[in-house]
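**Student:**
Numbering (the UniProt record's numbering), first residue to last: 1 to 391.
Put into structure tokens, the structure is as follows:
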């Protein structure tokens, strides 16, 4: 009994006490659980923060690595560019060394446009049609038309001596044949009258440079002319060379021979005949050959000034032959050289116009001269006076 009573004393009789006791126990247990949960969360949060810090550090390390990689790549690219530029410089130097002595093409590009590279031949042909259109191209065509120098079906032997005048004439004929209104044939005829090897090389190289396909014929004109006229070989040389060219032109089936006499040659010849021959005579644009039947000599450059010929040659860096005769170069200045100098002095000091000398050849008033002659007879002033009274 006593033991039961004691046990009963320990058992709560009020159910609320039982519930409250349990609830206290539950609450205390829940508090313990909450603290453990919170501690777990804090540990997780701490762990996650640590992980985030580690990730950030890893990302930063990767970023630094990428930056280093980019720097290395840029450095490598710069090294490659430098290597390429060095290689290009070396290649350019090699090309320059290879091209020593060759013709260099200079074409400065216009603003906003890249000008295509052209050959010396193309540059020269372009200058004829564009830059020197009025000074060369139009004057050449005008002479052909004014004096009817070339007609359909003609075969023209263009004499190429190697000087600036004949080289330009050959190129002008090429352009006329290319852009002309009718067909005619051309043979570019050249002779070697005894040139020195350097002069002959200049002739051949210039013709190749400008695309002129010459027929080069050998002769001994220089030697023969010097023997026949040792004091003044130039006149004899010119006469012999012309006969040689007529003969070769006939062999090639040509009916016309074109010579490169220009405007300055015309006025110089006019004054030479006045001063030294006592006659009023000049170079005409067209004349039938006396000793070669069916051949006509033509001068299509009669309107073109010598200074313009020099200018286009200078613009295209073309060095031409002069006379090419060793004998003539050792002599005193020729009559033509003296008259050329006189015209220059008269122009500079007294303002004369060469054009007026040229015009005088086309403005001869027969009623204002003392006489004239043709191939058949001579007419004096009395004949002119009588004819004037009859009119």
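Each residue gets a CB set at the ideal place from its N, CA and C atoms; glycine is no exception.
List the endpoints of the continuous beta strand (DSSP E) containing residue 191.
**Tutor:** Working through the chain shown from its first residue, we reach residue 191 at position 191. Segment 185-192, the beta strand (DSSP E) holding residue 191.
**Student:** From what residue to what residue does the beta strand (DSSP E) around residue 158 run?
**Tutor:** Walking along the chain shown from the start, residue 158 turns up at place 158. Run containing residue 158: 155-159, per the beta strand (DSSP E) assignment.
**Student:** Give a yes or no on contact between the region 239-257 and the region 148-168, applying the rule of three or more CB pairs nearer than 8 Å.
**Tutor:** Because the criterion of three Cβ pairs below 8 Å is met, the region 239-257 and the region 148-168 touch.
**Student:** For the pair the region 289-303 and the region 136-148, tell me if three or more CB-CB distances fall below 8 Å.
**Tutor:** yes
**Student:** Let me know the secondary structure DSSP gives residue 384 once reduced to three states.
**Tutor:** Position 384 of the chain shown, counted from the start, is the residue given in the question as residue 384. Reduced to three states, the DSSP call for residue 384 is helix.
**Student:** Nearest-angstrom Cα distance between residue 192 and residue 171?
**Tutor:** In the chain shown, residue 192 corresponds to position 192, counting from 1. In the chain shown, residue 171 corresponds to position 171, counting from 1. Distance between the alpha carbons of residue 192 and residue 171: 20 Å.
**Student:** For a test of the three-state rule: what should DSSP assign to residue 179, helix, strand or coil?
**Tutor:** Residue mapping note: residue 179 aligns to position 179 of the chain shown, counting from 1. Of the three classes helix, strand and coil, the one that applies to residue 179 here is helix, per DSSP.
**Student:** Mind checking whether residue 309 and residue 165 have CB atoms under 8 Å apart?
**Tutor:** Here the question's residue 309 lines up with position 309 in the chain shown. Here the question's residue 165 lines up with position 165 in the chain shown. Going by C-beta atoms, residue 309 is nearer than 8 Å to residue 165.
**Student:** Quick one: using the 10 Å Cβ neighbour count with 16 as the cut-off for buried, is residue 282 buried or exposed?
**Tutor:** Residue numbering aside, residue 282 sits at position 282 when the chain shown is read from its first letter. So residue 282 counts as buried.
**Student:** According to DSSP, is residue 287 part of a helix, a strand, or is it coil?
**Tutor:** Working through the chain shown from its first residue, we reach residue 287 at position 287. In this structure, residue 287 counts as strand in the three-state DSSP scheme.
**Student:** Taking only three categories from DSSP, how would you classify residue 268?
**Tutor:** Position 268 of the chain shown holds residue 268. Here residue 268 sits in helix by DSSP.
**Student:** Between the C-alpha atoms of residue 341 and residue 161, what's the straight-line distance to the nearest angstrom?
**Tutor:** Locating residue 341 in the chain shown gives position 341, counting from the first residue. Locating residue 161 in the chain shown gives position 161, counting from the first residue. Answer to the nearest angstrom: the Cα atoms are 24 Å apart.
**Student:** Between the alpha carbons of residue 178 and residue 215, how many angstroms are there, rounded?
**Tutor:** To locate residue 178, count along the chain shown from 1; it is residue 178. To locate residue 215, count along the chain shown from 1; it is residue 215. Taking the straight line from one Cα to the other gives about 20 Å.
**Student:** CB residue 320 to CB residue 226, shorter than 8 Å?
**Tutor:** Walking along the chain shown from the start, residue 320 turns up at place 320. Walking along the chain shown from the start, residue 226 turns up at place 226. No.
**Student:** Is the region 348-363 touching the region 234-241 in the sense that three or more CB pairs, one from each, lie closer than 8 Å?
**Tutor:** In short, these stretches do not touch, since the Cβ pair count stays below three.
**Student:** Specify, as a first and last residue, the run of the alpha helix (DSSP H) that residue 335 falls within.
**Tutor:** Walking along the chain shown from the start, residue 335 turns up at place 335. From DSSP, the alpha helix (DSSP H) with residue 335 extends over 335-350.
**Student:** Which residues does DSSP pair with residue 216 in a beta bridge?
**Tutor:** Along the chain shown, one-based indexing puts residue 216 at 216. DSSP lists 190 as partners of residue 216.
**Student:** Please state if the CB of residue 189 and the CB of residue 252 are separated by a distance shorter than 8 Å.
**Tutor:** Taking the first residue of the chain shown as position 1, residue 252 is located at position 252. Taking the first residue of the chain shown as position 1, residue 189 is located at position 189. It is a contact, given that the beta carbons lie within the stated cut-off.
**Student:** Spell out the partners DSSP gives residue 298 in its beta bridges.
**Tutor:** For the purposes of this step, residue 298 is taken as the residue at position 298 of the chain shown. Answer by DSSP bridge pairing, in chain order: 258 and 286.
**Student:** Taking residue 247 as the reference, give the member of 232, 231 and 219 with the closest Cα.
**Tutor:** Residue 247 sits at position 247 when you count from the first residue of the chain shown. Check the Cα spacing between residue 247 and each of 232, 231 and 219: the tightest is with 219.
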